[in-house]
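Residue numbers (the working numbering), protein chains in the order written: chain A, 42 to 372; chain B, 42 to 372. For every residue, glycine included, the Cβ atom is placed at its ideal position computed from N, Cα and C.
There are 2 protein chains.
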Amino acid sequence: MKKKRPTLQDIADKVGATKMTVSRCLRAPDTVSESLRERIFKAAEQVGYIPNRAPDLLSRATSHSIGVLVPSLTNQVFADVIVGIEAFTEPAGYYLMLSHYGYSPTLEERSLASLLSYNVDGVILSDHDHTPRSLRMLETAGIPVVEIMDTHRQPLQQSVGYDNVKAAFDMVSAMIRRGRRQVVYLAVRLDERTQQREQGYRQAMEAHGLIPTTLHSTQRSSYSVGAALLEQVVINHPDTDGIFCTNDDVAVGAYFECQRRGIDVPGQMAIAGFHGHDIGQAMTPRLASVITPRQAIGEAAAKALLARIQGEPSAADIIDMGYTIETGGTL
Amino acid sequence: MKKKRPTLQDIADKVGATKMTVSRCLRAPDTVSESLRERIFKAAEQVGYIPNRAPDLLSRATSHSIGVLVPSLTNQVFADVIVGIEAFTEPAGYYLMLSHYGYSPTLEERSLASLLSYNVDGVILSDHDHTPRSLRMLETAGIPVVEIMDTHRQPLQQSVGYDNVKAAFDMVSAMIRRGRRQVVYLAVRLDERTQQREQGYRQAMEAHGLIPTTLHSTQRSSYSVGAALLEQVVINHPDTDGIFCTNDDVAVGAYFECQRRGIDVPGQMAIAGFHGHDIGQAMTPRLASVITPRQAIGEAAAKALLARIQGEPSAADIIDMGYTIETGGTL
DNA sequence: ATTTACTATGTTACCGGTAACACTAAAATC
DNA sequence: GATTTTAGTGTTACCGGTAACATAGTAAAT
């Protein structure tokens, strides 16, 4: 036997008023007489009233929630971005609806449909690759969209991030400037950003008349994969004197493997990562890395999105949050 | 000028039927005549119909969504749990509503209210510490609740996890068995589990007539904090020959600091962590750790929750998923 | 004293689906 | 051929808030 959860009507009945008055009392207490107000609050407490967002969603007033789609929740990068987003949306009273899609546009479509079915007021997407149906849905939904983590491609409406191509170019150039010649790019799973970094890597190598070499694993990123990739480097490209890794996990894994093999870092092998996670900063030597402002990107994206939800004209199509080249101790 | 997003009525108008028929057609196509069915699907495609969950939520049929509250999304442990939960809920057609509360019961209360306002059919909580209001809300909501990550305390209704006290006891016992005498416990931020692990640590030490010592940082867990804590160990407790760390991050950070200081691991210092993350397995020597079945816990919790949502009687109050002591190369 | 303004409350309707029931026409059964 | 069944579709009402408007009662203004 389950008791229904209490509604405004239940409170109204208790105090002999209508649910409208109770509704008003809860959202604008001073429009209700003091004696009634007190009784209403007491009754609400007594029945254990829990607000219900469903009617809000239904009457197409704003739902006060925004959708966020990230490829993966276990990826530290996106966890940081989410923290940034929430830092802005939470104080603004917006609820965050999170979904992930495992780097697959098809799953992104599914997750997007799910989010939209909750009448979110806006969405933040983490990729630029969308299915035609996804695009269609976004269009019919008619809500603001912000794409994050990249400023290289043309956004649907607006994007917030940094330029992966340029960042990779800069880091690899720094490696070359320090005398490295046989720099190999270590990649995992081919997502958009992995490819953009490869592009930057190639541009840098070719600009110096060097021959680019990429090794990639189809597995998802992990320290172990970094180690495995380094093994391949040693076997198949013994002349290598530097590796540019698509992220810090791979770089740290590769570093561990160097340690095991007695390869001196940076003496024999320079290592550079991407994102500047704590692990790289805590180890000795400090890992060279492209430090990306993940949390700031989240905040800026949320800020831009909410502004547009609230009808303000969008500031810029592309908001570039930049990055920092940290040369650490492994170059 | 914004166009409203299409509803069933819009489709109905296009094909000259009522929205009821369209509704039927979409959920049970063979109850509608073939010619009409085809026209309806075409029209739906044409207008770009996106289902709307709001009415579902409102007419308090099951919302087909469950709420999950985790202390932190950036904590790899909970990210893994979420993956496990979703592995079960997604195929079952349940939508996951995620919130985090930064280890604070007060914020948990807020997040919980938010979740319940979406009429979730059940919730998974990550702590046993709840405010009176939280308890009240859960009661009035009258939905199934599963608490995860601990089997030590009495659950509200049902819990899925492992015994932190016993796990810590086992690991520390293993350290003592291998000849360590001055084992120090390194803790960060005092959450429930940190304290339970301390309890197990103390029990093991005292069982062998050894004196327990705990060092803790109030900062949130990170590799850097592990390094800082090891520094304190060296300064204030120079006799220490082993450290039991509340998690792998701290352990790895401490290991790095040992490296820097030329402290031989495990020769001079044994190190044990908790959770068995990839980083510990990838480094050399392999980090000793208590391996927790995080993903399996998520799956089991989701399974137990959905079973109860669907009216099946709950199997057991406490589902213990166990753990594995991995001695690695640092003991 | 009458009009005006304002305060506190009530009434109605609606958001978008769907359950429950009603209805019609054609098919099946006797 | 009359009756029952069934397949296909329509009608109504409802979920729980709140916007918009209506109303009653009281205080202020003329």
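Practice task
Using a Cβ cut-off of 8 Å, pull out every chain B residue sitting near A:V124, in sequence order please.
Solution key: Along the first sequence, one-based indexing puts residue 124 of chain A at 83. What A:V124 touches in chain B: L114 and T115.
Handout entry: Check whether A:I189 and A:S167 have beta carbons under 9 Å apart
Key = Within the first sequence, residue 189 of chain A is the residue found at index 148, counting from 1. Within the first sequence, residue 167 of chain A is the residue found at index 126, counting from 1. Cβ distance < 9 Å, so A:I189 and A:S167 count as in contact.
Exercise for the section: Mind checking the stretch 302–324 of chain B against chain A and listing, in chain order, the residues whose C-beta falls within less than 8 Å of any C-beta there? Expected result: Of all residues in the stretch 302–324 of chain B, only D319, I320, Q322, A323 and M324 come within less than 8 Å of chain A when Cβ atoms are compared, listed by chain position.
Practice task
Could you tell me if A:M362 is buried or exposed, where buried requires 16 or more neighbouring beta carbons within 10 angstroms of its beta carbon?
Solution key: Here residue 362 of chain A refers to the residue found at position 321 when the first sequence is read from its first residue. A:M362 should be labelled buried.
Exercise for the section: Taking A:R94 as the reference, give the member of B:L231, B:R101 and B:G89 with the closest Cα. Expected result: The residue given as residue 94 of chain A occupies position 53 in the first sequence. Nearest Cα to A:R94 within the set B:L231, B:R101 and B:G89: B:R101.
Practice task
Ignore the nearest five residues each way along the sequence and tell me which others in A:R230's own chain have a CB closer than 6 Å to its CB.
Solution key: Within the first sequence, residue 230 of chain A is the residue found at index 189, counting from 1. These residues qualify, in order along the chain: R261.
Practice task
Write down every uninterrupted run of the alpha helix (DSSP H) in the stretch 153–205 of chain A whose length is 4 residues or greater and which is fully enclosed by it, in chain order.
Solution key: Whole alpha helix (DSSP H) segments, 4+ residues: 173–182.
Handout entry: Environment of A:R302 [buried if 16+ CB atoms lie within 10 Å]
Key = As a working note, residue 302 of chain A is residue 261 in the first sequence. Flag for A:R302 reads exposed.
Practice task
Enumerate in chain order the residues of its own chain whose CB-to-CB distance from B:S214 is below 7 Å, with the five nearest sequence positions on each side excluded.
Solution key: Translated into positions along the second sequence, residue 214 of chain B becomes position 173. For B:S214, where only same-chain residues beyond five positions count, the Cβ hits under 7 Å are A245.
Exercise for the section: Tell me whether B:K207 is buried or exposed, calling it buried when 16 or more other Cβ atoms sit within 10 Å of its Cβ. Expected result: By 1-based counting over the second sequence, the position of residue 207 of chain B is 166. For B:K207, the number of other beta carbons within 10 angstroms of its own is at least 16, and it is reported as buried.
Problem - Chain-ordered chain A contacts of B:Y264 [CB-CB under 8 Å] - result: For the purposes of this step, residue 264 of chain B is taken as residue 223 along the second sequence, with counting starting at 1. Simply D319, I320, Q322, A323 and M324.
Handout entry: Alpha carbon of A:A182 to alpha carbon of B:R46, nearest angstrom
Key = On the first sequence, residue 182 of chain A is found 141 positions in, with the first residue counted as 1. On the second sequence, residue 46 of chain B is found 5 positions in, with the first residue counted as 1. Inter-residue distance for A:A182 and B:R46 is about 6 Å (C-alpha atoms, whole angstroms).
Exercise for the section: Anything in the stretch 76–90 of chain A with a Cβ closer than 7 Å to a Cβ of chain B? List those residues in chain order, please. Expected result: Only those residues of the stretch 76–90 of chain A whose C-beta falls short of 7 Å from the nearest C-beta of chain B are listed: G89.
Practice task
Excluding the 5 residues preceding and the 5 following B:D51 in the sequence, name in chain order all residues of the same chain whose CB lies nearer than 7 Å to its CB.
Solution key: Looking up residue 51 of chain B in the second sequence gives position 10. Closer than 7 Å at Cβ, skipping near neighbours: V88.
Problem - Test item: CB-CB of A:S104 and A:Y144 under 9 Å - result: Here the question's residue 104 of chain A lines up with position 63 in the first sequence. Here the question's residue 144 of chain A lines up with position 103 in the first sequence. Against a cut-off of 9 Å, the Cβ pair of A:Y144 and A:S104 comes out as no contact.
Exercise for the section: Mind the definition here: the stretch 289–299 of chain A touches the stretch 332–350 of chain A only if three or more C-beta pairs lie below 8 Å; say whether that holds. Expected result: No: fewer than three Cβ pairs fall under 8 Å.
Problem - Length of the line joining the Cα atoms of B:T259 and B:R234 - result: Translated into the one-based positions of the second sequence, residue 259 of chain B becomes position 218. Translated into the one-based positions of the second sequence, residue 234 of chain B becomes position 193. Rounded to the nearest whole angstrom, the C-alpha separation of B:T259 and B:R234 is 15 Å.
Problem - Per DSSP, cross-strand counterpart(s) of A:F315 - result: Position 274 of the first sequence, counted from the start, is the residue given in the question as residue 315 of chain A. Paired residues: A:V331.
Practice task
Return the first residue and the last residue of the alpha helix (DSSP H) that B:E272 is part of.
Solution key: For the purposes of this step, residue 272 of chain B is taken as the residue at position 231 of the second sequence. That run of the alpha helix (DSSP H) goes Y264 to N277.
Practice task
Just grab the DSSP bridge partners of A:A228 for me.
Solution key: Translated into positions along the first sequence, residue 228 of chain A becomes position 187. DSSP, once it has assigned bridges, lists A:H257 as partnering A:A228.
Practice task
Can you grab the Cα-Cα spacing for the pair B:A313 / A:P326, in whole Å?
Solution key: One-based indexing of the second sequence puts residue 313 of chain B at position 272. One-based indexing of the first sequence puts residue 326 of chain A at position 285. One C-alpha to the other measures close to 23 Å.
Exercise for the section: Please check if any C-beta of chain A sits within less than 9 Å of the C-beta of B:K45. Expected result: The count along the second sequence starts at 1 and reaches residue 45 of chain B at position 4. By this cut-off, B:K45 is an interface position.
Problem - Own chain partners of A:A154 with C-beta closer than 8 Å, once the 5 adjacent residues on each side are dropped - result: On the first sequence, residue 154 of chain A is found 113 positions in, with the first residue counted as 1. So the list reads M178, once near-sequence residues are dropped.
Handout entry: Neighbour flag for B:E127 against chain A, beta carbons, 9 Å
Key = Residue mapping note: residue 127 of chain B aligns to position 86 of the second sequence, counting from 1. With 9 Å as the cut-off, B:E127 counts as an interface residue toward chain A.
Handout entry: Cβ neighbours of B:S64 in the same chain (closer than 7 Å, five flanking residues each side left out)
Key = One-based indexing of the second sequence puts residue 64 of chain B at position 23. Here B:S64 has L49 as same chain residues with Cβ atoms under 7 Å from its own Cβ, once five neighbours each way along the sequence are excluded.
Problem - Burial state of A:G108, where buried means 16 or more other Cβ atoms lie within 10 Å - result: Position 67 of the first sequence, counted from the start, is the residue given in the question as residue 108 of chain A. The residue is buried, with at least 16 neighbouring Cβ atoms inside 10 Å.
Practice task
Could you tell me the boundaries of the beta strand (DSSP E) in which B:D361 lies?
Solution key: Taking the first residue of the second sequence as 1, we reach residue 361 of chain B at position 320. Where B:D361 is concerned, the enclosing beta strand (DSSP E) stretches over I359 to D361.
Practice task
Could you tell me which chain A residues have their CB closer than 7 Å to the CB of B:Y159, listed as they occur along the chain?
Solution key: Within the second sequence, residue 159 of chain B is the residue found at index 118, counting from 1. Near B:Y159 (Cβ distances below 7 Å), the residues of chain A are R94.
Exercise for the section: Sort A:P132, A:D54, A:Y159 and A:E150 by Cα distance to A:H169 and report the nearest one. Expected result: Locating residue 169 of chain A in the first sequence gives position 128, counting from the first residue. Ranking the options by Cα distance to A:H169, first place goes to A:E150.
Practice task
Measuring alpha carbon to alpha carbon, tell me which of B:L227, B:L148, B:P132 and B:I320 ends up nearest A:P132.
Solution key: Locating residue 132 of chain A in the first sequence gives position 91, where the first residue counts as 1. Of B:L227, B:L148, B:P132 and B:I320, the residue nearest in Cα terms is B:L148.
Exercise for the section: State yes or no: is the beta carbon of B:M61 nearer than 9 Å to at least one beta carbon in chain A? Expected result: Residue mapping note: residue 61 of chain B aligns to position 20 of the second sequence, counting from 1. Interface annotation, B:M61: not in contact with chain A, CB-CB separation never under 9 Å.
Problem - Residue span of the alpha helix (DSSP H) that contains A:I123, given as start and end - result: Taking the first residue of the first sequence as position 1, residue 123 of chain A is located at position 82. Element bounds for A:I123: Q117 to T130.
Exercise for the section: Could you give the DSSP three-state label for B:M42: helix, strand or coil? Expected result: Residue numbering aside, residue 42 of chain B sits at position 1 when the second sequence is read from its first letter. Bear in mind that the predicted position of B:M42 carries a pLDDT of just 40, short of 50, making it too unreliable to give a figure here.
Exercise for the section: List the residues that DSSP assigns as beta-bridge partners of B:T365. Expected result: Indexing the second sequence from 1 puts residue 365 of chain B at position 324. When beta bridges are read from the DSSP output, B:T365 appears opposite B:I332.
Handout entry: Three-state secondary structure (DSSP) of A:L251
Key = Counted from its first residue, the first sequence places residue 251 of chain A at position 210. Correct three-state label for A:L251: coil.
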